[in-house]
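Counted from 1, the sequence shown has number 217 at position 96 by this note's numbering; the numbering is strictly sequential. Just so it is clear, CB atoms sit at the ideal spot from N, CA and C, and this is done for glycine as well.
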Amino acid sequence: MLPGRVGIDLVPFARVSRLLTPEAEPVLPRMLSAEELGLCVTESGPDIPGIAGRLAAKEAVFKLFHAAGQPMPWLGIEILKENGGRPVVRLSGRAARLARDARVGHIEVSIAHDDPFAVAVAFCDTATEKEAHQQLESA
122 MLPGRVGIDL
132 VPFARVSRLL
142 TPEAEPVLPR
152 MLSAEELGLC
162 VTESGPDIPG
172 IAGRLAAKEA
182 VFKLFHAAGQ
192 PMPWLGIEIL
202 KENGGRPVVR
212 LSGRAARLAR
222 DARVGHIEVS
232 IAHDDPFAVA
242 VAFCDTATEK
252 EAHQQLESA
C-alpha cells in the first residue's frame, strides 16, 4: 500500500441558509441525492448543520481525487450514515472513475459542526491500480 491522502473543507451555515431561501434556485437536489436529502430533514425542517457537513464532506472527498479543474461530481459522491450515525462514502459514476484513476483506496470521513461552520476531513489509502479497481467495484 502506498501513502494516503487527506482532503478537508469548511462550509458556513449561512451559505446553506441562503440555498434554502424561497428566492434561491433549488440547487440542493443537484448537490445531494434523494437519500442524502432524506437524512437532512428534522421535525422542525431542514438540518442546516447536517447539510453543511455533507457538502463539506463531498468537497473533502473530491480533493482526494487530485482532479483540479474538473467539475465536482456532486451526486456521484454520497455521504450516508452507517448504523450509529457514522458517515460513510458511496461513490458512483464519474466520481468512482475519478477515484479509480487517482488510485484512491478505502475512504474515511469525519464531520464536525459548530455554529457557524461545518468542517469535514476525508482520508484515503492510495492503492495500486489493481487494488483501486477491486475496492471500488466492491463498493
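- The stretch 145-158 makes no contact with the stretch 125-132: fewer than 3 CB pairs, one atom from each, lie closer than 8 angstroms.
- Secondary structure note for Ala-173: its alpha helix (DSSP H) is the uninterrupted segment 169-185.
- Listed in chain order, the non-local C-beta contacts of His-187 below 6 angstroms within the same chain comprise Ala-223, local neighbours out to five positions each way being set aside.
- For Val-209, the secondary structure class from DSSP, reduced to helix, strand or coil, is strand.
- Shown here, Ser-138 sits in a helix according to DSSP, grouped into three states.
- Glu-199 carries a strand assignment under DSSP once its states are collapsed to helix, strand and coil.
- Inclusion of Val-210 and Ile-228 in the CB contact set at 8 angstroms is warranted, their separation being smaller than that value.
- Here Lys-202 is exposed: its Cβ has fewer than 16 other Cβ atoms, across all protein chains shown, within 10 Å.
- Residue pairing from DSSP places Asp-235 in a beta bridge opposite Phe-238.
- When secondary structure is reduced to three states using DSSP, Pro-150 falls in the helix class.
- Distances from the CA of Gly-171 to each of Gln-191, Ala-178, Pro-208, Cys-161 were compared; the closest alpha carbon is that of Cys-161.
- Residue His-234 holds the alpha-carbon nearest to the alpha-carbon of Ile-169 among His-234, Ala-243, Ala-248, Ala-241.
- In this structure Ala-181 is not in contact with Ala-239, their Cβ atoms being roughly 11 angstroms apart against a cut-off of 8 angstroms.
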